[in-house]
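What follows is a single structure, written as structure tokens, with notes after it.
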Amino acid sequence: MTELSAHLPAHLPAHLRATADAYDGVAARYAELFRDALDGQPLERAVLAAFADLVRAAGGGGGEGGEGGEGGGERPGPVAELGCGPGAVTAHLRDLGLDAFGVDLSPAMIDLAREAYPDLRFEVGSMDELDALGVADGGLRGVVSWYSLIHTPPAEVPRFLAEFRRVLVPGGLLLLGFFGSEDESVTPFDHKVTTAYGWPLDALAERAGAAGFTEIGRLRREPVGEERRLPLGYLLLRGR
């Protein structure tokens, strides 16, 4: 256990504590590497823009962000990026006109996010226990999990998806970004930080359906350049 993560809940499962410790150890380097990652990823920006458009179309003003994106007016109700790391995607969601805040297990990551984006809210917490942060049933208009479920053992993924559904209003939006699989099985692999899992799109969509979500669309992108040699997957879903 690192000094930073010592204040995390004592009952936190071992794999979550290990993940927090691992990301604490690489937080500064991670933030440097991924600060501008979206600049070179037009498909990822398009997926995030589609998510933001759908959240705005669903309505629900009352966010704290003041004027929205290009169209002005009120921002929709709150959107959480769960597993936000150093906050770059959360800030991008804000720039798309959403009232976004971030949650991450790693205190070091949250410190960096708060330093980089002092106008945004970032909280240390586990994305499977959002009630500990005061997130009520139906309290959010949208949830983004951008490569943050990748370290979750497959047997526990349904529990996380159920928590995502709990905090969303009926019709709320969920965007999942994750590593895909080269075959039809969930595949563990040695991620640079800690063990991760690649998911077939159909398999993760099925788990999401069982948790109360309806698929809107999906994207599979092949890796390029120095990216890990696994496909990248994105699922856009709506809570039933």
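Going by numbering that gives the first Met the number 0, the first residue of the sequence shown is number 0, and it counts up by one from there. Glycine included, every Cβ here is placed at the ideal spot set by N, Cα and C.
Per-residue burial, Pro247 [other beta carbons within 10 Å of its own, 16 or more giving buried]: Residue numbering for the chain in the displayed model covers 0 to 239; residue 247 lies beyond these limits and cannot be assessed.
Close-in-space but distant-in-sequence residues of the same chain around Pro153 (CB under 7 Å, 5 per side omitted): Val185 and Tyr196
Inter-residue Cα distance where the pair is Leu107 and Val25: For clarity, residue 107 is Ala in the given sequence; the question names Leu instead. If I take the Cα positions, the gap works out to 9 Å.
Backbone secondary structure at Val195 - three-state DSSP: Rather than Val, the amino acid found at residue 195 in this sequence is Ala. Strand at Ala195.
Touching by the beta-carbon criterion (3+ pairs, under 8 Å), the segment 202-217 and the segment 149-165: The segment 202-217 makes contact with the segment 149-165, as at least three CB pairs between them are under 8 Å.
For Asp52, the first and last residue of its enclosing alpha helix (DSSP H): Judged by DSSP secondary structure, Asp52 falls within the alpha helix (DSSP H) whose first and last residues are Pro41 to Ala56.
Touching by the beta-carbon criterion (3+ pairs, under 8 Å), the segment 128-139 and the segment 107-118: no
Cβ-heavy atom distance, Gly224 to the ligand PLP, below 7 Å: Only the bare structure without any ligand can be found here, which leaves the ligand PLP out of the picture.
Exposure of Arg164, with buried meaning 16 or more beta-carbon neighbours within 10 Å: buried
Separation of Leu174 from Ala27, as counted between CA atoms: Cα to Cα, the separation comes out at about 26 Å.
First and last residue of the uninterrupted alpha helix (DSSP H) at Tyr92: The identity of residue 92 in the sequence shown is Leu, whereas the question assumes Tyr. Run containing Leu92: Ala87 to Asp94, per the alpha helix (DSSP H) assignment.
Classification of Arg239 by the beta-carbon crowding that lies within 10 angstroms, buried from 16 upward: exposed
Element boundaries [beta strand (DSSP E), containing Tyr233]: Leu231 to Gly238
Residue(s) in a DSSP beta bridge with Pro187: Tyr196
Whole-angstrom C-beta distance between Leu92 and Ala51, which should lie under 8 Å: 7 Å
Local Cβ density within 10 Å of Asp317, reported as buried at 16 or more and exposed below that: One cannot answer for residue 317 here, as it falls past the ends of the chain, which runs 0 to 239.
Val102 versus Gly58 - alpha carbon distance: 23 Å
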